[in-house]
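Here it is as structure tokens:
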């Protein structure tokens with residue numbers, strides 16, 4: 133944000149070099165008054181505080197198997213309903229989305245939220261928004277299936293003419309999408325297997341018979 137360099141109460145403008153809010157139209161290109169400067173500064177500090185809270189807190193998902201490939205996924209917020217995850221037939225029963233579709237949903241939801249955030253800050257009224265994410269699959273060199281790509285088609289219905297602040301939002305909103313940018317860059321996944329070993333039913337019966345003889 134531009135540095136204030138004027139008498140107290142002055143309406144002199146300062147140049148907001150490098151301020152991302154200039155890109156979405158909250159700051160005029162020619163500068164910003166002191167009053168606007170402090171209003172924008174407050175908005176920036178609120179955003180930074182929220183992002184710091186998220187990064188420090190992290191998140192968690194717990195997966196519990198019901199049967200075969202059917203799982204219940206719960207999260208670190210007790211009020212949320214579990215998500216049912218399953219594989220499509222013939223491998224599973226198709227009782228819920230499979231993990232690839234959950235990834236597509238996560239990307240679409242995150243992109244939608246990022247666009248809404250930018251439009252709200254740019255004061256562009258949004259009447260409706262839909263996102264369709266389509267995925268393609270391919271096999272790698274060993275022949276194993278992988279997600280080859282995702283295509284997100286976003287259809288916002290906005291108030292007003294095209295161009296201006298809306299176009300500036302389109303230029304930058306993807307930068308704020310945590311999931312999309314993380315997927316694009318690649319995410320380190322640390323897998324830890326901590327097994328417990330139980331006796332089979334036959335072994336338990338034999339142990340019980342042996343103890344009674």
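Residue numbers (this note's numbering): 133 to 345. Ideal placement from N, C-alpha and C gives every residue a C-beta, glycine not left out.
- In this structure, the beta-carbon distance from residue 243 to residue 309 falls below 9 Å.
- The C-beta separation of residue 286 from residue 279 comes to about 19 Å, leaving the pair out of contact by the 8 Å criterion.
- Taken atom to atom, the span from the alpha-carbon of residue 265 to that of residue 329 is near 41 Å.
- Nearest C-alpha to residue 293 among 210, 195, 256: 256.
- Residue 321 and residue 315 have their alpha carbons spaced roughly 12 Å apart.
- For residue 216, the secondary structure class from DSSP, reduced to helix, strand or coil, is strand.
- Pairing residue 222 with residue 248, the inter-Cα distance amounts to about 39 Å.
- Excluding the 5 residues flanking it on each side, residue 290 has same chain C-beta neighbours closer than 8 Å at 251, 256, 257, 258, 259, 298, in chain order.
- Pairing residue 305 with residue 246 gives a Cβ-Cβ distance under 9 Å.
- In this structure, the CA atom of residue 215 is about 39 Å from the CA atom of residue 295.
- Counting only runs of 4+ residues, the alpha helix (DSSP H) found wholly inside the stretch 190–264 occupies 231–253, in chain order.
- According to DSSP, residue 284 shares a beta bridge with 265.
- Listed in chain order, the non-local C-beta contacts of residue 236 below 8 Å within the same chain comprise 265, 266, 267, 282, local neighbours out to five positions each way being set aside.
- Pairing residue 239 with residue 312 gives a Cβ-Cβ distance under 9 Å.
- Its Cα nearest to that of residue 303, the residue 254 stands out among 200, 254, 275, 225.
- Of the residues assessed, residue 218 falls on the buried side of the cut-off, its CB having 16 or more other CB atoms within 10 angstroms.
- Beta-bridge analysis with DSSP links residue 270 to 278.
- Assignment of residue 315 by DSSP, reduced to helix, strand and coil, places it in the helix class.
- Rounded to whole angstroms, residue 191 and residue 272 show a C-alpha spacing of 31 Å.
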